[in-house]
Amino acid sequence: MDDNQRRDDGMTQRRKVLGNEWVDKSITNRNAFNTDFQDLITRYAWGDIWTRPHFDHRTRRVLVIGTMVALGQWDEFRLHVRAALSEGGFTPEDIKEILLQQAIYCGVPAANHAVKEAGAIIAELGLLKG
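Residues in the sequence shown are numbered from 1 upward in steps of one, following full-length UniProt numbering.
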């Protein structure tokens, strides 16, 4: 696959996973400093990794959310939790189960923060029940 095909496939995956609104905002915010980085992640993260056939999108989303908890990368965590809930068919229960699992493997402090961050997104999206 050449870079143009990888970029096109990556953009398709990126839109499918994150939603058009997020991707359009990202494209609008490109500038001389960040354009090369945006191209890199579109071609490689989205075009090479997210298009691989072995894992479906649901599995990849679980992996990314769990990894962001482990690394304490809260901006990316929020991005992927929001996308999972709004674009990926995830429920708050799905997110809760990921975070319970991560509490054991990443530690309670990381999971505690993740519950706070995810809870705010769940409430904002109107998905919080009783």
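Beta carbons are placed, not taken as given, at the ideal position from N, Cα and C, and that holds for glycine. Computed from a prediction, not measured in an experiment: that's the story for all the values here.
Helix, strand or coil at residue i [DSSP, three-state]
| i | result |
| --- | --- |
| Trp50 | coil |
| Asp56 | coil |
| Lys129 | coil |
| Glu87 | coil |
| Gln5 | helix |
| Asn112 | helix |
| Gly119 | helix |
| Ala32 | coil |
| Gly72 | coil |
Boundaries of the alpha helix (DSSP H) in which residue i is found, first to last residue
| i | result |
| --- | --- |
| Glu97 | Pro92 to Cys106 |
| Gln38 | Thr35 to Ile41 |
| Asn20 | Asn20 to Thr28 |
Whole-Å CB distance - residue i paired with residue j, under 8 Å assumed
| i | j | result |
| --- | --- | --- |
| Thr51 | Gln13 | 6 Å |
| Arg6 | Arg43 | 5 Å |
| Phe77 | Ile65 | 7 Å |
With a cut-off of 8 Å, do at least 3 Cβ pairs link the segment 46-56 to the segment 74-90? The segment 46-56 makes no contact with the segment 74-90: fewer than 3 CB pairs, one atom from each, lie closer than 8 Å.
Are the segment 95-113 and the segment 23-40 in contact at 8 Å, needing three or more beta carbon pairs? Result no; under three Cβ-Cβ pairs closer than 8 Å.
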